[in-house]
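A quick write-up on the structure given underneath.
There are 2 protein chains.
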Amino acid sequence: MTMYTPHVARENGPLYKALADSIERDIQAGTLTPGERLPTHRDMADALGVNVSTVTRGYREAEKRGLLSGTVGRGTFVASDAVTSSAMVSFEPGAPGMIEMGLIAPLSYLDPDVAEGFRRIARRKDPTTFLRYTDPRGLPDHRQAGALWARLYGLECGPEEIIVCAGAQHALTCCLAGLLRPGDRLAVDSLTYPGLKSLASMLGIRLAPITMDGQGMMPEALDAACRRNDIKAVYLMPGVHNPTTATMSEPRRDEIARLAEVHDLIIIEDDAYDLTHPGRTTPVSDRARHRAVFVAGLSKSLAAGLRVAFLVAPPALRKPLAQAVLNTIWMAPPLNVELAAMWITDGTAEQILEAKRAEAARRYMIACDVLDGLRFRGKPTGFFCWLELPAPWTGAAFEAAARARGINVFGAEKFVVGDTAAPAAARLSLTGAEDIDDYRQGLWVLWHLLTRKD
Amino acid sequence: MTMYTPHVARENGPLYKALADSIERDIQAGTLTPGERLPTHRDMADALGVNVSTVTRGYREAEKRGLLSGTVGRGTFVASDAVTSSAMVSFEPGAPGMIEMGLIAPLSYLDPDVAEGFRRIARRKDPTTFLRYTDPRGLPDHRQAGALWARLYGLECGPEEIIVCAGAQHALTCCLAGLLRPGDRLAVDSLTYPGLKSLASMLGIRLAPITMDGQGMMPEALDAACRRNDIKAVYLMPGVHNPTTATMSEPRRDEIARLAEVHDLIIIEDDAYDLTHPGRTTPVSDRARHRAVFVAGLSKSLAAGLRVAFLVAPPALRKPLAQAVLNTIWMAPPLNVELAAMWITDGTAEQILEAKRAEAARRYMIACDVLDGLRFRGKPTGFFCWLELPAPWTGAAFEAAARARGINVFGAEKFVVGDTAAPAAARLSLTGAEDIDDYRQGLWVLWHLLTRKD
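Chains as they are written, first to last, in UniProt numbering: chain A, 1 to 454; chain B, 1 to 454.
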């Protein structure tokens, strides 16, 4: 086997950056593949005719970019998720002929009547308010509606605690850019939301993957990671973990909150799918309010295109978060927030939520029926499930085989962080296909794929 | 004079960070003031009982955060703009009783009729489209409208070149976060848009201030800065520079474009006020299309609250920019963009623009009349002007004195970058006060303040 040698001569700028750049390019090009071991610092230095310290710096730079992961005594490896962040999102959901079981569409055909919403706003006394610059935290009425919405998630709060954002992804942007600095470490589940991975990578925030069990993040593992490294914050989805659908018990939530206290962590809790199932356990944030930022989104439960989410933030974090809203978008567009606030206040939002849960329940029943004999986890009203794959399948192989049969699914590799080994599993969206016959057809094809006896 | 000694013992984490943290806190608290010289590395090390290298690292960290600026042979100083970024934005424009001549409000009482806009969208066949996830680059019709809008700025382009953003500030976020990395250097005018300073500071992007003359950024100074340091991109406002209202000549634009080529710079051109005056000179971007990202905003000329702007981007930069849209907000809310696209396509937008120019011209005439005898620069249809202050005024002193008389203005200090010395000047918004009598009254008070013979 020939040793990997990057072509650094073509690059500009300092050598260590050129080395990181060419590693990045080779990963993008597929010359270097996830899990591959890189030459030792000394071998690489000899091959390139440079100092060992330059290679060390270059590898460290590549590690910062999420490309490599090193384990003391084992060597340096291409990170398992090095290629997935850029490839993770299809810009064109619903590619012609494909049945979408990868992206989780929030059953948007059940969304509220937007034409009716417009007509109501048009009748207002002074709708021009919505075309002006406003407080980046949001208009008073909108923050009031945000407090009502947060209550559905089990958080009692007042409007002064609310900061209006342009959707949950934007809320995460404000948390990561406003509360952390480039180079800071954020603890996450070892399988986590790809949109967070991609955002953190862009902002230079380092992710520390924490081992999970059937309840999600393991407190002992979080504790150990905090002792090993300086960790600033922890990202949590305790209600419905994406992608595994795990739910944290009350004692586990208490313990995570206690550890956040012990290690002085900011809690970022973004339980996007928590409202999709009925029955609330209070959020981890409620157990450590002064250090927790809670993302109360509504894309999954009310309407994704509005791009509205509410942050519930403690006094000490409100100023940097409001500044981050200002820095990134000045303010969430008040028009959209007005629509959301109207629907939240008049009860439309809860009706829509109920309708979506009922439709999700119907789809989940179909999945249970069709996928008989396969192992999967999900909520009875869930928008997705986590499918364990029989040997010798890997998530990536299953994803490729499904795609060849006209079905889009997401292998576990899209969710793994750093050098976590990807389990043989895939996330199955139950709501991606609008048409119920397509949906059923997709499930059947996947069932055949996994159960055929060749 | 006693030597400045920070209290670093209270901090957690590595010592160098603790040092930077306490410098930051002392600047916020006013214990350290802009321009103040810090102890030498050795003196500080002795005072704290730590290694010189720890102090060097701490100072460097503080410099990265935009707090300090060092000049070889002269020492280390608190940056002129160290305190302004967090204080720069009033969250509550129009504080009771204050006449607003600081913030530039885009004459929003001339904005289009939003109620009528809503009614038209409500009559569409399928307005629910606007509640769904879409391509982060924007819907096809919206990108088409973006191309029309960019044409008003003097850029001929097709819809495939357009990426829809949630306002110009968001477009800048996508440029800085998507095209640069933390630690990268961005060349800017030595006086620049505060929203860019604040964003760059949050993202860990370092600003390299470039000396200006009456035409804006000086090519020789840009060239020298690129030779001295590795600079990745340059931020430009060639039509109406904020805050000085300077305009770049054609030859100067050619020369800056040529230098961008020589030094392999990405051009980020965000000429927010360029449409407020009639008569176009083609953008610098048009002279180097393959390396230029042009921000075609509409907050100043059409409606700020919509939060819509269009990026015109070359092929090589479109993917990272679209990914940055996705990472930060998933997509600009299609509803708002639909309103903007409708107004752009049916000609409403150009009518509004004309009406705003006419009102700005009227206000500018009033300013010329009232401020007789004072030196100021502005466009005949401009939304703001740049007022030179007679000795011994400084911008900050004038800002404070004006505020004491119930008028909000912005001293030059809000715009300076790094260790640039702030000129004795202030930016005067001509559109902040809605009421024309308030506006005239504000101008009179400022005139008296600057011309009184005590």
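Where a beta carbon is used, it is the ideal one built from N, C-alpha and C, also for glycine.
With contact defined as three or more Cβ pairs closer than 8 Å, the stretch 104 to 124 of chain B and the stretch 341 to 355 of chain B are in contact.
Here B/Gly378 has Thr245, Tyr364, Ala367, Phe384, Cys385, Trp386 and Leu430 as same chain residues with Cβ atoms under 8 Å from its own Cβ, once five neighbours each way along the sequence are excluded.
When DSSP states are grouped into helix, strand and coil, A/Tyr273 belongs to the coil group.
Of all alpha-carbon atoms in B/Ala200, B/Asp184 and B/Leu259, the one lying nearest the alpha-carbon of B/Met218 is that of B/Leu259. Looking at the backbone, the Cα of A/Leu446 and that of A/Lys414 are separated by about 19 Å. Across the stretch 371 to 399 of chain A, no CB contact with chain B closer than 8 Å is found for any residue. Chain-order list of chain B residues neighbouring A/Leu306: Leu131, Pro333 and Leu335, by C-beta distance under 8 Å.
In the DSSP assignment, B/Pro209 falls within the unbroken beta strand (DSSP E) covering Arg206 to Ile210. Chain order gives the chain B residues near A/Gly178 as Met202, where near means a beta carbon separation below 9 Å. The beta strand (DSSP E) runs lying completely inside the stretch 414 to 451 of chain A and spanning 3 residues or more are 425 to 429, given in chain order. The Cβ-Cβ distance between B/Leu298 and B/Ala309 falls below 8 Å. The three-state reading of DSSP puts B/Ala404 in helix, counting H, G and I together.
For A/Thr173, the nearest CB of chain B lies under 8 Å from its own CB, placing it at the interface with that chain. Beta-bridge pairing by DSSP links A/Cys165 to A/Ala309.
Residue burial annotation: A/Asp419 is buried, with at least 16 other C-beta atoms found within 10 angstroms of its C-beta. Listed in chain order, the non-local C-beta contacts of B/Arg137 below 6 Å within the same chain comprise Ile163 and Ala322, local neighbours out to five positions each way being set aside. Nearest CB-CB separation between B/Arg206 and chain A: not below the 8 Å threshold. Counting of Cβ neighbours within 10 angstroms places A/Pro390 among the exposed residues, the total staying below 16. Closer than 7 Å at the C-beta level to chain B, one finds these residues of the stretch 149 to 173 of chain A: Ala166, Gly167, Gln169, His170 and Thr173. Take the alpha-carbon of A/Asp346 and the one of B/Ala166: they are about 28 Å apart.
Taking every protein chain shown into account, the CB of B/Met44 has 16 or more other CB atoms within 10 angstroms, so this residue is buried.
In the displayed model, A/Ile266 falls within a strand according to three-state DSSP. In the pairwise beta carbon analysis, the stretch 272 to 285 of chain A is classified as not touching the stretch 126 to 145 of chain A: fewer than three pairs are separated by under 8 Å. Using beta-carbon distances, B/Ile267 does not count as an interface residue toward chain A, since no partner is under 8 Å.
By the C-beta density criterion, B/Gly158 is exposed, having fewer than 16 other C-beta atoms within 10 angstroms. B/Val240 has its alpha-carbon roughly 23 Å from the corresponding atom of B/Gly373. Any Cβ of chain A closer than 8 Å to the Cβ of B/Pro34 would place that residue at the interface, and such an atom is absent.
The alpha-carbon separation between B/Thr281 and B/Gly154 amounts to approximately 7 Å.
Residues Cys157 of the same chain have their beta carbon placed closer than 8 Å to that of A/Arg151, with the five preceding and five following residues left out of the count. Just measuring C-alpha positions, the residue of A/Ala18, A/Leu428, A/Arg124 and A/Ala355 sitting nearest A/Thr54 is A/Ala18. Burial state of B/Arg427 is buried, judged by a 10 Å Cβ sphere holding 16 or more other Cβ atoms.
For B/Ser198, the C-beta contacts it makes with chain A under 9 Å involve Gln323, Leu326 and Asn327, in order along the chain. Of the residues A/Trp393, A/Ala401, A/Gly183 and A/Ala332, the one whose Cα lies closest to the Cα of A/Thr134 is A/Ala332. For the pair B/Phe118 and A/Ala225, the Cα-to-Cα distance works out to about 52 Å. The Cβ atoms of B/Ala425 and B/Gly395 lie closer than 8 Å to each other. Between B/Ala47 and the set B/Arg57, B/Val8, B/Arg228 and B/Arg65, the nearest pair of CA atoms involves B/Val8.
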